[in-house]
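Only one structure is covered here, and it is reproduced in the block below.
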Amino acid sequence: MRNTKRNCLYSILLTMSCVLAGGPAYAQAPANDECDTATVIPSDTSALPFMDFVDTTTATENLADPLFTCTFSEQFGDGPTVWYQWTPSADVTVDISTDGSTYQRIVFPLDTRHGVYTGSCAALTEVACVDLGLNDNLEFGATAGETYYLKFGEFGCFPNEACGGNLVVTITEVTPEPAVLLQRLGAAVTEVGPGSSLADKIALAQVYLAVPDVQSTCEALNAFRNQVRAQQGKKLAEQDAVQFDADAQQIMDAIGCN
Ligand SMILES: [Ca+2]
Ligand SMILES: [Ca+2]
């Protein structure tokens with residue numbers, strides 16, 4: 005279905021693309037065209053920000069790669085893609101940005117999209133993606149020691165259309181939003197917490213924060229902390245309990261709980 009849709013759209017626009025672009029380019033693709041040859045981002049998070057420039061006009065889309073789940077990849081594919089690999093040395097929240105990118109486009113204006121995967125190049129699992137505007141920003145909470153694969157593509161690029169351009173990739177450490185902190189705490193609790201009651205309280209806090217209902221979010225986090233303290237040194241390891249309590253306190257401070 006995916007290829008059928010794309011081929012139909014492609015046939016409609018092929019003539020326009022080739023006339024305007026002079027046909028597809030066959031020059032050598034960039035070194036990080038494939039996941040297997042991803043550009044390695046330095047692990048040391050104290051070395052951030054990371055910045056890279058790549059000409060994606062000769063990059064290709066590998067149809068074996070998973071499509072972004074954000075928007076319309078089923079119809080358009082992911083365009084010419086390039087890859088980065090990153091294993092951060094510490095927990096860090098980053099803004100992964102394509103700001104400053106300039107793509108020469110025939111049918112649609114420049115429009116990057118990008119996302120983050122875990123797993124391996126042969127078995128990738130998407131954990132985040134973004135395509136909200138033209139160039140995009142993705143706030144992402146990365147975990148120390150986890151290997152991430154970052155894919156940068158393009159919206160609305162048809163097969164063999166002259167797409168791509170000057171991609172600017174910037175990764176900058178940012179102060180995490182409370183929602184990101186809650187998500188990270190929920191994942192940590194699920195990993196080591198006893199049963200589901202602690203995770204349920206974080207999930208409830210996430211629901212209230214999304215409303216947003218600050219008072220109810222604070223109450224859910226207070227209930228979480230009370231339970232953490234009650235289980236400290238019992239069902240919950242001392243070190244984990246101290247960390248969870250501190251993380252919850254940080255979130256409460258960030259959203260202004262009394
Ligand atoms: Ca590619
Ligand atoms: Ca975009």
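Using my numbering, the final residue of the sequence shown is 262, and nothing's skipped along the way.
Every residue gets a Cβ at the ideal spot worked out from N, C-alpha and C, and that includes glycine.
Keep in mind it's a predicted model, so treat the numbers as computed, not measured.
- Secondary structure at Asp99: strand, using DSSP grouped into helix, strand and coil.
- Contact between Leu138 and Pro182 does not hold, since their C-beta atoms are separated by about 28 Å, which reaches or exceeds 8 Å.
- For Asn226, the uninterrupted alpha helix (DSSP H) segment begins and ends at 218 to 235.
- Where Leu213 is concerned, the enclosing alpha helix (DSSP H) starts and stops at 201 to 214.
- Around the beta carbon of Leu136, fewer than 16 other beta carbons sit within 10 angstroms, so the residue counts as exposed.
- Here Val178 carries a coil assignment [DSSP, helix/strand/coil].
- Distances from the alpha-carbon of Val178 to those of Thr97, Glu158, Leu171, Phe162 put Thr97 closest.
- Excluding residues up to 5 positions away in sequence, Thr97, Gly145 lie with their Cβ nearer than 7 Å to the Cβ of Pro180 in the same chain.
- Close CB contacts of Ala42 within its chain, under the 7 Å cut and outside five residues either way in sequence, are with Asn36, Trp87, Tyr88, Gln89, Tyr153 (chain order).
- Here the C-alpha atom of Gln32 lies approximately 20 Å from the C-alpha atom of Thr106.
- Sequence-distant Cβ neighbours of Glu150 in its own chain, meaning closer than 8 Å and more than five residues away, are Thr91, Pro92, Thr122.
- Distances between the C-beta of Leu52 and the heavy atoms of ligand 2 are all 7 Å or more.
- In this chain, Ser124 is not harboured by any alpha helix (DSSP H); it is covered by the beta strand (DSSP E) spanning 116 to 124.
- Per DSSP, the beta bridge partners of Ala146 are Val96.
- Collapsing the DSSP output to three states places Gln89 in a strand.
- Between Ile175 and Pro53, the beta carbon gap of about 6 Å places them in contact (Cβ cut-off 8 Å).
- Per DSSP, Phe80 is one residue of the alpha helix (DSSP H) stretching across 77 to 80.
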